[in-house]
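To start, the structure under review is shown below, and the notes come after it.
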Amino acid sequence: MSPKPLSRIYAFLCFLFFMLSCSSTQPTLEAANPVSISWFARKHGFVMKTKGAIDNLDKNDISMSFEANSRKLIFNGTLVWLNDPVKTWRGRRVLSQRDIDKTIMPLLDDSLLLGRRGYKTVVLDAGHGGSDNGATGRRNVQEKRVTLDIAKRTRTILEKHGINVRMTRSEDKSMTLNNRTELLATWKPDVFVSIHLNAAQSTTASGIETHITPPRGCAITANSKVFDRDLVQYQNNIYDEGNMSLGYLIQRELIRHLKLVDRGLRRSRFFVTRNAPCPAVLVECGFLSNPAEEEKFLAAEFRQSAAEAIAAGIIAYFDETKSRATHRVRK
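Our numbering applies: residue 3 is where the sequence shown begins, and numbers increase by one.
Take a look at the structure:
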């Protein structure tokens with residue numbers, strides 16, 4: 003074979019290798035540009051103290067704790083899961099630029115939230131219903147009944163504050179996920195909250211989770227890797243910053259009111275939230291598979307506390323979007 007065909011084959015193989023390399027890295031969507039935690043602290047006026055694997059940042063009434071090689075952020079005492087783990091780059095611990103933009107800044111600065119929308123419409127979604135019981139505890143407490151009760155109690159509180167509330171279901175009836183998102187498309191709410199209870203194989207699993215849609219190209223909290231499906235731009239991704247603010251405020255209030263384990267503000271692509279035309283969260287108020295937590299949900303007082311927490315988070319979110327012209331520190 004002459005040298006010319008060999009050179010062409012070599013060139014083709016090099017091109018093929020390049021294309022395969024590009025496609026193998028594509029699920030990251032974009033380089034998660036590193037931002038030094040120490041640089042971020044200096045820029046925004048935080049005092050930074052490092053103790054082992056933990057970097058603590060403090061300023062006035064704001065505290066943040068980052069853990070090396072972890073996606074955990076403790077913001078003012080509430081667990082928030084980052085999109086990317088804290089990494090070491092050139093000898094310094096760094097955050098991804100997308101976590102600065104989509105996680106930390108929306109928590110720090112009210113002015114990054116969506117435009118002033120005022121007290122308009124909230125849609126509450128009581129999970130499951132009808133033939134779908136959802137999770138069921140050992141004492142036969144059914145998720146569908148508890149979520150409906152909490153949703154109704156939340157509605158009562160919000161309406162007393164002058165907020166218009168709609169519910170995807172106000173009785174025990176079956177509803178598909180499509181039914182729920184079709185209502186959202188019709189109603190065009192300003193906030194959507196889907197209320198659920200959790201379950202696990204282990205009876206010791208416990209605590210509260212709030213879920214929001216992760217930004218495009220980011221893994222869900224339950225996965226460490228990014229898959230092709232994570233590259234999809236969902237309707238709800240328009241509201242990444244609003245999701246973060248709303249989710250944090252509701253998770254914070256649920257922990258304050260219910261005194262259960264803080265499992266954090268997490269990233270998940272649930273059908274109803276990823277297709278919501280507004281800031282949206284899905285809350286898991288506790289584990290029915292945990293006998294102690296199931297017992298708590300038997301008490302009307304505990305269900306009322308859950309409703310008060312959800313309502314408090316929503317009201318705090320509306321208050322911040324209305325008064326964004328005056329910067330306020332979150333506590």
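From the three backbone atoms N, C-alpha and C, an ideal C-beta is built for every residue, glycine too.
query = Straight-line CA distance for D60 to N142?
reply = In the sequence shown, counting from the first residue as 1, residue 60 sits at position 58. In the sequence shown, counting from the first residue as 1, residue 142 sits at position 140. Straight-line Cα distance between these residues: approximately 46 Å.
request  = Could you say which of E69, L256, T123 and W83 lies nearest to P217 if we only look at CA atoms?
outcome  = For the purposes of this step, residue 217 is taken as the residue at position 215 of the sequence shown. Nearest Cα to P217 within the set E69, L256, T123 and W83: W83.
query = With 16 as the cutoff for other CB atoms within 10 Å, does K146 come out buried or exposed?
reply = To locate residue 146, count along the sequence shown from 1; it is residue 144. Result: buried.
key: S291 and A187 closer than 7 Å at C-beta   = In the sequence shown, the residue the question calls residue 291 occupies position 289. In the sequence shown, the residue the question calls residue 187 occupies position 185. Taking a C-beta distance under 7 Å as the contact criterion, S291 and A187 do not qualify as a contact pair.
E32 classed as buried or exposed, judged by whether at least 16 other C-beta atoms fall within 10 angstroms = On the sequence shown, position 30 is the one that residue 32 refers to. For E32, the predicted model reports a pLDDT of 47, less than 50, meaning its position is unreliable and no value from the coordinates is stated.
request  = Pair every Cβ in the region 167-183 with every Cβ in the region 99-108, then say whether three or more of these pairs are closer than 8 Å.
outcome  = No: fewer than three Cβ pairs fall under 8 Å.
message = Relative to the C-alpha of R100, which candidate in R171, P36, G132 and K53 has its C-alpha closest?
response = Counted from its first residue, the sequence shown places residue 100 at position 98. Out of R171, P36, G132 and K53, P36 has the C-alpha closest to the C-alpha of R100.
task = Would you check if there are 3 or more beta carbon pairs closer than 8 Å linking the region 303-315 to the region 217-229?
result = Remark: fewer than three beta-carbon pairs, one from each stretch, lie closer than 8 Å, so the region 303-315 and the region 217-229 are not flagged as touching.
message = Assuming P293 is part of the alpha helix (DSSP H), what are its boundary residues?
response = Position 291 of the sequence shown, counted from the start, is the residue given in the question as residue 293. P293 to F299 is the span of the alpha helix (DSSP H), which, as asked, contains P293.
message = Excluding the 5 residues flanking K122 on each side, which residues of the same chain have their C-beta closer than 7 Å to its C-beta?
response = Position 120 of the sequence shown, counted from the first residue, corresponds to residue 122. Cβ-Cβ distances below 7 Å link K122 to N166 and D192 in the same chain, with the five nearest sequence neighbours on each side left out; the list follows chain order.
Three-state class that DSSP yields for K89 in the structure shown = In the sequence shown, counting from the first residue as 1, residue 89 sits at position 87. It is a strand residue.
message = Measuring only the C-alpha atoms, how far is G132 from Q144?
response = Counting from one through the sequence shown, the residue named residue 132 turns up at place 130. Counting from one through the sequence shown, the residue named residue 144 turns up at place 142. The straight-line gap from Cα to Cα measures roughly 11 Å.
ask   = From this set, G209, I64, K162 and A314, which residue's C-alpha is nearest G47's C-alpha?
value = Sequence index remark: in the sequence shown, residue 47 carries index 45 (1-based). Cα-wise, what sits closest to G47 is I64.
request  = Could you tell me the distance, in whole angstroms, from the CA atom of M169 to the CA atom of G136?
outcome  = Working through the sequence shown from its first residue, we reach residue 169 at position 167. Working through the sequence shown from its first residue, we reach residue 136 at position 134. Those two C-alpha atoms are separated by around 18 Å.
inquiry  = Give me, in chain order, the residues of the same chain whose beta-carbon lies closer than 8 Å to that of L199; leave out the 5 immediate sequence neighbours on both sides.
reply    = Within the sequence shown, the letter at position 197 stands for residue 199. G129, G136, A137, E145, V148, T149, E286, C287, G288, F289, L290 and F299, listed in sequence order.
ask   = Since G266 and L81 are thought to touch, with beta carbons under 8 Å apart, how far apart are those beta carbons, to the nearest angstrom?
value = Against the sequence shown, residue 266 aligns to sequence position 264. Against the sequence shown, residue 81 aligns to sequence position 79. At roughly 4 Å, the Cβ-Cβ gap stays under 8 Å, so G266 and L81 are in contact.
inquiry  = As a quick exercise: from E296, E255 and M66, pick the residue whose alpha carbon is nearest that of G315.
reply    = The sequence position of residue 315 within the sequence shown is 313, counting from 1. The alpha carbon of G315 has as its nearest neighbour, out of E296, E255 and M66, the alpha carbon of E255.
inquiry  = Report the CB separation of Q237 from N180 in whole angstroms; it is logged as a contact under 8 Å.
reply    = By 1-based counting over the sequence shown, the position of residue 237 is 235. By 1-based counting over the sequence shown, the position of residue 180 is 178. Going by Cβ atoms, the distance from Q237 to N180 rounds to 14 Å, so no, they are not a contact pair.
message = Is the separation between the beta-carbon of L262 and that of I210 shorter than 7 Å?
response = Looking up residue 262 in the sequence shown gives position 260. Looking up residue 210 in the sequence shown gives position 208. For L262 and I210, yes; Cβs fall inside 7 Å.
ask   = Would you report the Cα separation of C280 and W41, rounded to the nearest angstrom?
value = For the purposes of this step, residue 280 is taken as the residue at position 278 of the sequence shown. For the purposes of this step, residue 41 is taken as the residue at position 39 of the sequence shown. About 33 Å.
key: Separation of G79 from A318, as counted between CA atoms   = Residue 318 sits at position 316 when you count from the first residue of the sequence shown. Residue 79 sits at position 77 when you count from the first residue of the sequence shown. A direct Cα-to-Cα measurement between A318 and G79 gives close to 17 Å.
Own chain residues within Cβ distance below 8 Å of V96, not counting five before or after = Along the sequence shown, one-based indexing puts residue 96 at 94. Only P36, V37, S38, I39, V88, K89 and T90 meet the Cβ criterion.
request  = Return the residue from the list D134, E69 and I152 that minimises the CA-CA distance to I312.
outcome  = Locating residue 312 in the sequence shown gives position 310, counting from the first residue. Among D134, E69 and I152, the Cα nearest to that of I312 belongs to I152.
request  = For L248, collect the residues of the same chain with a Cβ closer than 6 Å to its Cβ; drop the 5 residues on either side in sequence, then sort them by chain order.
outcome  = Along the sequence shown, one-based indexing puts residue 248 at 246. Excluding its 5 nearest sequence neighbours in each direction, L248 has C-beta neighbours in its own chain below 6 Å: P281, V283 and Y319, listed in chain order.
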